[in-house]
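Below is one structure, written out as structure tokens, with a few remarks after it.
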Amino acid sequence: MVVQSMPDASPSKWHLGHTSWFFETFLLPRLAGYRVFDPAFAYLFNSYYEAVGPRQPRPERGLLTRPPLHEVLAYRAHVDAHMERLIPDLAEPDLALLDLGLAHEEQHQELLLMDVLHLFSRSPLAPAYDPRWQEPEGDRPGRFVSLPGGLVELGHDGDGFAFDNEGPRHTTYLQPFQICDRLVTNGDWQAFIDDGGYQRPDLWLADGWARVQAEGWRAPLYWQRQGDGWQELGLGGLRPLAPDAPVRHISYYEACAYALWAEARLPSEAEWEVAARSGMLGQVEDSAWQWTASAYAPYPGFRPSAGAVGEYNGKFMVSQMVLRGGASITPAGHARVSYRNFFYPHQRWMFAGLRLARDPAGTQQEAGPDTSFAEDVRAGLGAPDKSLPPKYFYDATGSELFEAICRTREYYPTRMETALLEAIAGELSSVIPRGAALVEFGSGASLKTRLLLDAAPQVGVYLPIDISESALRKATAMLEAAYPRLRVLPQVGDFGHLPHLPAAVASRPRVAFFPGSTLGNFSPPEALRFLRSVRRYLGRDSRLILGLDMQKDVASLEAAYDDGDGITAQFNKNLLTRINRELGGTFDLDAFQHLARWNPQAQCMEMFLVSQRDQVVNAAGQRFHFAAGERLHTECSHKYSLEGIADMAAQSGWRLARHWLSPAPQVGMFVLESG
Numbered sequence: 001m002v003v004q005s006m007p008d009a010s011p012s013k014w015h016l017g018h019t020s021w022f023f024e025t026f027l028l029p030r031l032a033g034y035r036v037f038d039p040a041f042a043y044l045f046n047s048y049y050e051a052v053g054p055r056q057p058r059p060e061r062g063l064l065t066r067p068p069l070h071e072v073l074a075y076r077a078h079v080d081a082h083m084e085r086l087i088p089d090l091a092e093p094d095l096a097l098l099d100l101g102l103a104h105e106e107q108h109q110e111l112l113l114m115d116v117l118h119l120f121s122r123s124p125l126a127p128a129y130d131p132r133w134q135e136p137e138g139d140r141p142g143r144f145v146s147l148p149g150g151l152v153e154l155g156h157d158g159d160g161f162a163f164d165n166e167g168p169r170h171t172t173y174l175q176p177f178q179i180c181d182r183l184v185t186n187g188d189w190q191a192f193i194d195d196g197g198y199q200r201p202d203l204w205l206a207d208g209w210a211r212v213q214a215e216g217w218r219a220p221l222y223w224q225r226q227g228d229g230w231q232e233l234g235l236g237g238l239r240p241l242a243p244d245a246p247v248r249h250i251s252y253y254e255a256c257a258y259a260l261w262a263e264a265r266l267p268s269e270a271e272w273e274v275a276a277r278s279g280m281l282g283q284v285e286d287s288a289w290q291w292t293a294s295a296y297a298p299y300p301g302f303r304p305s306a307g308a309v310g311e312y313n314g315k316f317m318v319s320q321m322v323l324r325g326g327a328s329i330t331p332a333g334h335a336r337v338s339y340r341n342f343f344y345p346h347q348r349w350m351f352a353g354l355r356l357a358r359d360p361a362g363t364q365q366e367a368g369p370d371t372s373f374a375e376d377v378r379a380g381l382g383a384p385d386k387s388l389p390p391k392y393f394y395d396a397t398g399s400e401l402f403e404a405i406c407r408t409r410e411y412y413p414t415r416m417e418t419a420l421l422e423a424i425a426g427e428l429s430s431v432i433p434r435g436a437a438l439v440e441f442g443s444g445a446s447l448k449t450r451l452l453l454d455a456a457p458q459v460g461v462y463l464p465i466d467i468s469e470s471a472l473r474k475a476t477a478m479l480e481a482a483y484p485r486l487r488v489l490p491q492v493g494d495f496g497h498l499p500h501l502p503a504a505v506a507s508r509p510r511v512a513f514f515p516g517s518t519l520g521n522f523s524p525p526e527a528l529r530f531l532r533s534v535r536r537y538l539g540r541d542s543r544l545i546l547g548l549d550m551q552k553d554v555a556s557l558e559a560a561y562d563d564g565d566g567i568t569a570q571f572n573k574n575l576l577t578r579i580n581r582e583l584g585g586t587f588d589l590d591a592f593q594h595l596a597r598w599n600p601q602a603q604c605m606e607m608f609l610v611s612q613r614d615q616v617v618n619a620a621g622q623r624f625h626f627a628a629g630e631r632l633h634t635e636c637s638h639k640y641s642l643e644g645i646a647d648m649a650a651q652s653g654w655r656l657a658r659h660w661l662s663p664a665p666q667v668g669m670f671v672l673e674s675g
């Protein structure tokens, strides 16, 4: 805890002292009669606050063999005890300073792990911080998604804590662009190395190439060559390189070189933020910080905070580059879509990776929903295990077929959830504040919504979001006739790509409604990302009413997804009909058979379209081969336990506040609350 492995890193003991010093210096003077623990600590544990006084030189923090660890821990306990006395009496703006101190400590929790890993990397023994440490994994190859650009708003929206450099909120103009929904992987990076990426000066910025030559870079920081392959040192120790995991510990120079090699570029921080807010990106804040092409500079109208804490961010706005997102070592809840991290372009010890961006090949019109459909079809049918996102089921015909499925005798989820809603509508009404905005994702015909609206006349605005314009138009007309005093603001769109809240909604208490166990269609990582994006979309002090299907016997499940009248099979095959109609497909529907089966390992029902013969199909301008018996995966529907739901809520920043369960076959209704 004393050793310092390089000037940029700090000993663990110093981190403990410095985070305690912050509270003692900036907050505890407000506590009557407070006496500092040791006046010498003001010099030893100051970091860079010129206004507070001189400090131990940063490169020499590792020389602080005194005070010993037990004294630093006593200092921390002393500060904690006095802060517990002070906090109940704090008022604005001191509460804002407390928030800053807590966020500052979360940053040092991350820095501690960065510095420990760098220290361990200097040992030939390759020690492990924790042999059980779980590194982030990849779920699928990345796909480029298109965004239309235009005039957009950036920066913190004023809801909850943010650092001063995240504001002020402002507008900027973006050209249409494409951005990858996953991070570049270790396997991708290995291909870059194998193609001579570190030996080709044409790929590198001049300063970057000078670093490559001077420091002998041949791979990311913690990679080690082992025979014909690679190993990577992480907090869990030295392990074989995981090809599907996101690449990490790369500099800005390396990120730029890779992007050029991949015939792409880095996104600007504005592009990154717009895409992240839309919900289109995976691996946003739980894998690796992501380099952007943007220099760290003030937003228009930026002013540093008053006093010494104004030195926190503003004075570093030169010669550094912005990273966005969050890493696997970032404390839960610390990251935000507007968060601006920054490092010098040559630094590599932070958990930094990249996602690619590129400019559209054609006109702005190519960046619309049809392009996304075509891209997803090309990517899904071109993968070794063919799959298509279930969101494309719901054109006009698909929406009508799903409503018919809900009326079949085998499909219990709609019947049981409707009965449960009828039974608990009055209790649900109590979680909806007066004048609230009710936001529904995938609203469809809004039939279940009427049960909630009947029980909660206090709802002021209803915002239904659905991918089917015809279903949305019909539902809006029905609701406006049935509830003439209710303001209905329909939005056509994919609820996985959430826009900004309309002003009429943002100014009200916000409650979201997501029934039907639609969340079960997402993979577990996708479900977490969606719940996080909903939390960001709705903001603080919001609620989410969530309907989920519970785990039950396999016979009931498989019958529900393969009804005797064949309606689910029609629904499944309609996806091929839509590809034929919209993307020039040549699918023969009779050459594919509907299959529904229970996957006990993943705890989900799966639907497939199974090729009945060896065949070649055209779609979205490409040819795809299907072997006889080959499966096209079209849907997963996960089933949940109560414990799993509570854990999923906690991981995504929500708290499970209330729940109700129906009789068998069991479904549940859950109220999640954001902090």
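Numbering (the UniProt record's numbering), first residue to last: 1 to 675. Here a beta-carbon is modelled for each residue, glycine too, at the ideal position from N, C-alpha and C. In this text, all values refer to a predicted model and were calculated from it rather than measured experimentally.
Could you tell me whether the region 541-555 touches the region 641-654, where touching means 3 or more Cβ pairs closer than 8 Å?
Yes, since at least three Cβ pairs between the region 541-555 and the region 641-654 fall closer than 8 Å, the two stretches touch.
Short of 7 Å in beta carbon distance, which residues of its chain neighbour G17, apart from the five on each side in sequence? Order them along the chain.
These residues qualify, in order along the chain: F41, L44, F45, V72, Y75.
Quick one: what does DSSP say E630 is sitting in, helix, strand or coil?
Annotated three-state conformation of E630 is coil, per DSSP.
Should R248 be labelled buried (16 or more other beta-carbon atoms within 10 Å of its own) or exposed?
Burial is judged here by how many other beta carbons sit within 10 angstroms of a residue's own beta carbon; R248 has at least 16 and is buried.
Measuring only the C-alpha atoms, how far is K315 from A270?
Going by the C-alpha atoms only, they are around 22 Å apart.
From Q364 to L147, what distance separates their C-alpha atoms?
Per-residue confidence for Q364 stands at a pLDDT of 39, beneath the threshold of 50, marking its modelled position as unreliable; the derived number appears in the next sentence. Using only the alpha carbons, I get a separation of about 9 Å.
In chain order, what residues of the same chain lie with their CB nearer than 6 Å to the CB of Y394, ignoring the 5 residues before and after it?
For Y394, where only same-chain residues beyond five positions count, the Cβ hits under 6 Å are I467, S468.
Cα-Cα separation between P369 and L323, rounded to whole angstroms
Confidence at P369 is low in this model, with a pLDDT of 45, below 50, so its placement is unreliable and the value that follows should be read with caution. In this model, P369 and L323 are separated by some 28 Å (Cα to Cα).
Suppose you measure from the CA of residue 677 to the CA of W14; what does that come to, to the nearest Å?
An answer regarding residue 677 cannot be provided, because it is not within the stretch 1 to 675 covered by the chain.
Using CA atoms only, rank isn't needed, just tell me which of F624, Q666, R510, L575 is closest to M607.
For the residues F624, Q666, R510, L575, the minimum Cα distance to M607 belongs to L575.
Close Cβ partners of A257 (< 7 Å) along its chain, the five nearest in sequence each way excluded
Excluding residues up to 5 positions away in sequence, G197, L203, W204, G208 lie with their Cβ nearer than 7 Å to the Cβ of A257 in the same chain.
Can you tell me which of the three DSSP states P300 falls into?
In this structure, DSSP gives P300 a state outside helix and strand, which the three-state scheme calls coil.
Once DSSP output is grouped into helix, strand and coil, what is the label at T363?
Caution is warranted here: a pLDDT of 39 is assigned to T363, below 50, making its placement in the model unreliable, and the coordinate value is therefore given only provisionally. In this structure, T363 counts as coil in the three-state DSSP scheme.
Could you pull the DSSP bridge partners for D7 from this structure?
The sequence as given places Pro at residue 7; Asp does not occur at that position. Its beta-bridge partners do not exist; DSSP assigns none.
Since residue 676 and H170 should fall inside the 8 Å C-beta cutoff, what is the C-beta to C-beta distance between them, to a whole number of angstroms?
This structure does not reach residue 676, given that the chain is present from 1 up to 675, and the question cannot be answered.
Can you give me the start and stop residues for the beta strand (DSSP E) that D549 sits inside?
Residues 543-549.
Whole-number beta carbon distance between G229 and A241, since they are thought to touch under 8 Å:
The residue asked about is misnamed: residue 241 is Leu in this sequence, not Ala. Contact check for L241 and G229: beta-carbon distance about 7 Å, within the 8 Å limit, so the pair qualifies.
Spatial neighbours of P272 within its chain, please: CB distance less than 6 Å, with the 5 preceding and 5 following residues excluded, ordered by chain position.
With the sequence shown as reference, residue 272 is identified as Trp, and Pro is not the correct amino acid for it. Same-chain partners within the cutoff: T292, R324.
Reference R140, options S387, G310, W261, closest by Cα:
Taking the Cα of R140 as reference, the smallest distance to any Cα among S387, G310, W261 is reached at S387.
Could you name the residues of the same chain whose beta carbon sits closer than 7 Å to that of N521, not counting the 5 residues immediately before and after it, in chain order?
Answer for N521: P390, E635, C636, S637, listed in chain order.
Quick check: what's the CA-CA separation for A267 versus G158?
A quick correction: the sequence has Pro, not Ala, at residue 267. Taking the straight line joining both Cα atoms gives about 25 Å.
Exposed or buried, M350, counting other C-beta atoms within 10 Å across all chains shown (16 or more means buried)?
Looking at its Cβ environment, which holds 16 or more other Cβ atoms inside 10 Å, M350 is buried.
Give a yes or no on whether the C-beta atoms belonging to H346 and R132 are separated by under 8 Å.
Result no, Cβ atoms of H346 and R132 do not sit closer than 8 Å.
Exposure label - S662; buried when at least 16 CB within 10 Å
The C-beta of S662 has 16 or more other C-beta atoms within 10 Å across all chains shown, which makes the residue buried.
Burial state of H625, where buried means 16 or more other Cβ atoms lie within 10 Å
By the 10 Å Cβ count, H625 comes out exposed.
Going by the CB atoms, is the gap between S287 and A352 shorter than 8 Å?
No.
Where are the alpha helix (DSSP H) runs, 4 residues long or more, that stay fully inside the UniProt domain "Sulfatase-modifying factor enzyme-like" (144-283), in chain order?
Counting only runs of 4 or more, we get 186-194, 206-215, 252-261, 269-278.
Just to confirm, is the Cβ distance from A627 to S611 under 8 Å?
Going by beta carbons, A627 and S611 fall inside the 8 Å limit.
How many angstroms separate the CA atom of residue 680 from the CA atom of E410?
Residue 680 cannot be examined here, being either before or after the span of the chain that is shown, 1 to 675.
Quick check on the burial criterion: 16 or more other C-beta atoms within 10 angstroms. Buried or exposed for H70?
Exposed, since its Cβ has fewer than 16 Cβ neighbours within 10 Å.
Report buried or exposed for E422, applying the criterion of at least 16 other Cβ atoms within 10 angstroms of its Cβ.
Burial call: exposed.
DSSP three-state label for G368, please.
Only weak support is given to the placement of G368: the predicted model assigns it a pLDDT of 45, under 50, and the question is left unresolved by the model.
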